[in-house]
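Taken in sequence, the protein lines are chains A and B. Following the numbering used here, the numbering of the first sequence begins with 1 at its first residue and continues without gaps. Following the numbering used here, the numbering of the second sequence begins with 375 at its first residue and continues without gaps. Since the structure comes first, as structure tokens, the remarks are kept for the end.
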Amino acid sequence: MSATWLLARRNLMRRRVRLIVSIGGVALALTLVLALDAIFEGVSRQLTSYIDRSGADVWVAQSGVRNLHMVASWMPDSATDEVRNVGGVAEAQPILYSTDSIVAADERGWAYVIGLPADASMGGPWDVVEGTGRPGAGEAVIDRRFAQRAGVGLGDTVTLLGREFRIAGLTEGTASLVNSVVFVSFDDFAAQRAGEPTVSFVLVRVAEGASADDVARAIGERVGGVSVQTTEAFGRAERQLVLDMSGDVISIMNIIGFVVGLAVVALTVYVATLALRREYGSLKAFGAPNRYLYRVVLTQAGLSVAIGFLAGIAVTAALSAIVPRTGANLELAIGAGSLLKVGVVAAVIAALAALLPIRQIAGLDPAIVAREGV
Amino acid sequence: MTALTLDVRDVTKRYGDGETSVTAVQGVSLAVAPGEIVLIMGPSGSGKTTLLSMMGALLRPTSGSIHLDGTAISELSEGKLPAIRLRQFGFIFQDFNLLSALTIRENVSLVAELSGTKRRAAREKATAILTELGLGARLDFLPDKLSGGEKQRVAIARALINDPALILADEPTANLDSKIGHEIMRLLRRIAKEQGRSVVIVSHDQRIRDIADRVLWLEDGRFKEIVTMATDPVCGMSVDRERAVSAERDGERYWFCSNGCRSEFLGGPSDGHDPFGLALVERARHVVEAVIRGVSAAR
């Protein structure tokens with residue numbers, strides 16, 4: 001243990017209340033940033049869960065449609081056969097899609113409504129907890145949490161697409177903060193829509209050994225009036241949309257977290273240095289070079305921030321375990337990128353927080369110890 | 375430890391500029407020989423601490439120079455001074471200035487580590503010095519668990535840890551009771567005489583005169599010849615013979631801090647011209663001051 005580490009650690013530990021305030025402040029500020037990132041990451045995952053769990057390798061949409069959220073995509077139903085005939089396509093399956101309100105009892109919410117063919121092998125529910133996952137005529141498969149909030153179950157009715165459906169199945173993992181995913185039969189959806197036969201998306205599974213990128217490119221070349229993306233690219237576009245929609249809020253909250261963290265650490269390190277001014281002066285008098293004292297202050301700030309950072313991670317992890325159990329359609333996911341970002345922010349906070357005390361020490365007169373009343 | 379000579383040459387220290395400037399030390403010269411104990415006395419505000427700070431390279435003189443074994447340390451850049459302070463000087467302060475978060479052993483060993491001694495060796499050396507100074511049973515105590523005398527012994531151990539040639543002590547007995555003050559004085563004398571270190575002490579404490587090889591009187595920033603100082607036979611105060619009032623009795627001359635003391639010494643107002651009883655008031659003032667000094671010394 002070096003002389004720097006010894007003094008920095010003892011200075012911190014000896015003044016427990018100040019240490020707790022400092023660590024608590026940093027933890028709170030970094031938790032704000034971490035939790036917000038985790039919420040964003042969780043919501044992104046929820047919003048793209050249908051895409052990610054669709055089982056498709058490639059998504060074909062109306063030209064210009066690059067994501068699922070808040071879009072309308074309509075293509076002639078002949079598009080499915082055209083896609084099916086492209087080399088490398090093992091399976092092509094249409095779905096109908098619309099964003100609509102779902103009403104059950106007094107509960108109302110927004111839903112991605114999926115019209116699913118009776119023989120669908122892609123795009124259906126992936127975790128059916130009650131009933132069926134294949135809605136028949138007049139049936140709907142809805143999210144269990146929505147059903148719980150509405151107080152409805154199998155056999156009860158919900159209203160969507162302008163008519164009533166009987167609940168035939170309940171699913172898990174199909175709800176997000178903003179909406180849920182509801183499945184009805186392709187024919188019911190088409191009947192409600194009327195007009196020319198159309199499809200919203202064609203889901204493609206590529207042949208064994210074929211590359212999704214190559215197949216997507218081939219479909220784009222062979223089928224006119226469509227936008228083609230691999231599932232990965234489609235999901236990425238969806239996440240980007242969420243980021244674009246909430247980016248400003250997240251940035252502002254990050255800045256607030258940064259400023260709060262900086263203010264707390266800077267203030268506590270500054271006050272700690274001020275309180276020990278005479279001791280630092282005596283160290284200077286005994287011959288401690290400035291660089292040693294700077295290292296002590298930096299180590300103190302770094303230690304406070306590091307402990308606060310770990311506490312912030314612990315609090316966020318605890319929140320991510322607790323929040324889903326409260327029944328809220330909220331998932332907190334701590335990503336490696338977020339940890340790295342907040343780690344860098346914490347390091348910057350420590351360095352900046354030490355600046356003012358270092359300035360103070362640099363100007364400290366070692367003769368201070370020989371004078372009374374200072 | 376190498377025996378070194380500290381040479382202060384015509385040093386002046388002025389604080390501030392223009393009309394508001396204050397000259398704390400003016401044209402002072404002094405040489406301290408190896409193993410010598412020099413006591414600098416003088417009234418409050420006479421410039422003692424400023425002089426000591428300059429001698430220890432804590433403060434730069436406005437003019438003049440300070441040489442340590444021929445090297446003008448007052449001319450060295452700020453970056454070179456920490457190494458000088460660390461290895462050549464040992465400081466002892468009135469308020470001890472121990473690091474409150476460290477144990478007394480760590481307080482001492484830290485200074486050795488700063489000079490480049492390995493942690494283990496620094497710890498062993500600190501243990502040895504503290505044990506020698508009678509603190510072997512309290513090595514892992516925090517400073518606030520110690521008495522004033524023990525704290526000052528820790529400060530002395532810290533001053534000695536890097537084997538300095540010069541010990542500079544600022545009012546080392548001021549915060550100690552009479553008995554502990556004597557102990558510290560004896561300790562400083564032992565350090566000087568047995569270890570051959572020079573010791574410069576700045577103090578108001580008359581008792582330290584007993585251990586000093588040389589006593590200097592600093593007043594208004596200048597040294598006065600100690601022979602020009604006299605003790606008022608009534609109140610015990612040191613007075614400058616050149617400025618003080620005096621009287622002769624039984625063929626011997628005495629010096630006084632005031633007419634009141636002089637009158638009392640001579641058995642009442644000698645000339646009878648004291649219609650308002652001013653001599654009595656003056657005497658009362660000196661009695662009060664003497665009591666205050668006695669209380670301060672007892673602390």
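Cβ coordinates follow ideal geometry from the N, Cα and C atoms, glycine included.
Discussion item. If the criterion is Cβ atoms closer than 8 Å, does the pair glycine 136(A) and serine 180(A) meet it?
Written reply: no
Worksheet entry | Alpha carbon of isoleucine 334(A) to alpha carbon of threonine 268(A), nearest angstrom | 28 Å
Worksheet item: At least one CB of chain B closer than 8 Å to the CB of alanine 362(A): is that the case?
Response: no
Practice prompt. Would you kindly work out how many angstroms separate the C-alpha atoms of glycine 257(A) and leucine 330(A), rounded to a whole number?
Written response: 21 Å
Practice prompt. Counting only runs of 3+ residues fully inside the stretch 475–530 of chain B, write out the beta strand (DSSP E) ranges in chain order.
Written response: none
Worksheet item: In chain order, what residues of the same chain lie with their CB nearer than 6 Å to the CB of valine 608(B), ignoring the 5 residues before and after it?
Response: Cys635, Glu638, Phe639
Worksheet item: Who are the near neighbours of valine 21(A) in its chain, counting only those whose CB is closer than 8 Å to its CB and skipping five residues on each side?
Response: Val264, Thr268
Discussion item. My assumption, with CB atoms under 8 Å, is that serine 439(B) sits in contact with glutamate 449(B). Please give the rounded CB distance.
Written reply: 7 Å
Practice prompt. Would you mind reading off the limits of the alpha helix (DSSP H) that contains proline 456(B)?
Written response: 455–462
Fill in: Proximity test, Cβ basis, 8 Å: alanine 500(B) and chain A
no
Discussion item. Pop quiz: alanine 120(A) and glutamine 93(A) are said to be a contact at Cβ under 8 Å. What is the actual Cβ separation, rounded to whole angstroms?
Written reply: 6 Å
Item to complete: Under 7 Å Cβ to Cβ from glutamate 238(A), same chain only, skipping five residues before and after it: list those, please.
Response: Leu47, Thr48, Ile51, Asn67, Leu68, His69
Item to complete: May I ask whether a heavy atom of the ligand NAP can be found less than 7 Å away from the beta carbon of glutamine 580(B)?
Response: The model on display carries no ligand, and the ligand NAP is accordingly not part of it.
Worksheet item: Grouping DSSP H, G and I as helix and E and B as strand, with all else coil, what is alanine 92(A)?
Response: strand
Worksheet item: Of all the beta strand (DSSP E) runs that stay within the bounds of the stretch 551–602 of chain B, which reach a length of 3 or more residues?
Response: 572–576, 588–593, 596–598
Worksheet entry | Straight-line gap, aspartate 57(A) to valine 206(A) (C-alpha atoms, nearest Å) | 6 Å
Item to complete: Check the C-beta distance from isoleucine 142(A) over to valine 129(A) and give it rounded, since I have them as a contact under 8 Å.
Response: With a Cβ gap of about 11 Å, isoleucine 142(A) and valine 129(A) do not count as contacting.
Worksheet item: At a CB-CB cut-off below 7 Å, which residues of chain B make contact with alanine 367(A)?
Response: Ser427, Leu432, Leu433
Fill in: Contact list for alanine 457(B) against chain A, beta-carbon separation under 9 Å
Gly287, Pro289
Item to complete: Less than 8 Å between the CB atoms is what I'm expecting for leucine 542(B) and valine 574(B), so what's the real figure, rounded?
Response: 5 Å
Worksheet item: In chain order, what residues of the same chain have a beta carbon less than 6 Å from the beta carbon of arginine 222(A), not counting five sequence neighbours either side?
Response: Val86
Discussion item. According to DSSP, tyrosine 628(B) sits in a beta bridge with which residue or residues?
Written reply: Ala621(B)
Worksheet item: If we count the other Cβ atoms within 10 Å of its Cβ and call it buried at 16 or more, is tryptophan 685(B) buried or exposed?
Response: With chain B covering only 375 through 673, there is no way to say anything about residue 685(B).
Worksheet item: Looking at serine 572(B) and glycine 407(B), is the spacing between their C-beta atoms short of 8 Å?
Response: A quick correction: the sequence has alanine, not glycine, at residue 407(B). Cβ atoms of alanine 407(B) and serine 572(B): closer than 8 Å.
Worksheet item: Does DSSP put glycine 373(A) in a helix, in a strand, or in coil?
Response: Reliability fails at glycine 373(A), whose pLDDT of 37 lies under 50, so the model's placement of it is uncertain and no value is given.
Worksheet item: Residues of chain A with CB under 9 Å from phenylalanine 465(B), in chain order?
Response: Ser282, Ala285, Phe286, Val369, Ala370
Worksheet item: Hey, glycine 312(A) and leucine 364(A) are a contact pair by Cβ (cut 8 Å); roughly how many whole angstroms apart?
Response: 33 Å between Cβ atoms; not a contact.
Worksheet item: Taking buried to mean at least 16 other C-beta atoms within 10 Å of its own C-beta, is leucine 484(B) buried or exposed?
Response: buried
Practice prompt. Pull up the DSSP beta-bridge partners for aspartate 248(A), would you.
Written response: DSSP output for aspartate 248(A) lists no bridge partner at all.
Worksheet item: Hey, phenylalanine 189(A) and leucine 340(A): beta-carbon distance below 8 Å or not?
Response: no
Practice prompt. Provide the residue(s) that pair with glycine 109(A) in DSSP beta bridges, ordered along the chain.
Written response: Ile102(A)
Worksheet item: Which runs of the beta strand (DSSP E), 3 residues or longer, sit entirely within the stretch 235–281 of chain A?
Response: none
Discussion item. Strictly below 9 Å CB to CB, what residues from chain A border valine 485(B)?
Written reply: Leu283, Phe286, Gly287, Ala288
Worksheet item: Buried or exposed: lysine 553(B), going by 16 or more other Cβ atoms within 10 Å of its Cβ?
Response: exposed
Worksheet entry | Sequence ranges, beta strand (DSSP E) only - wholly within the stretch 119–199 of chain A, length at least 3 | 128–131, 139–143, 157–160, 163–171, 180–185
Practice prompt. Rounded to whole angstroms, what's the CA-CA distance from leucine 352(A) to glutamine 400(B)? Just pull it up for me.
Written response: 44 Å
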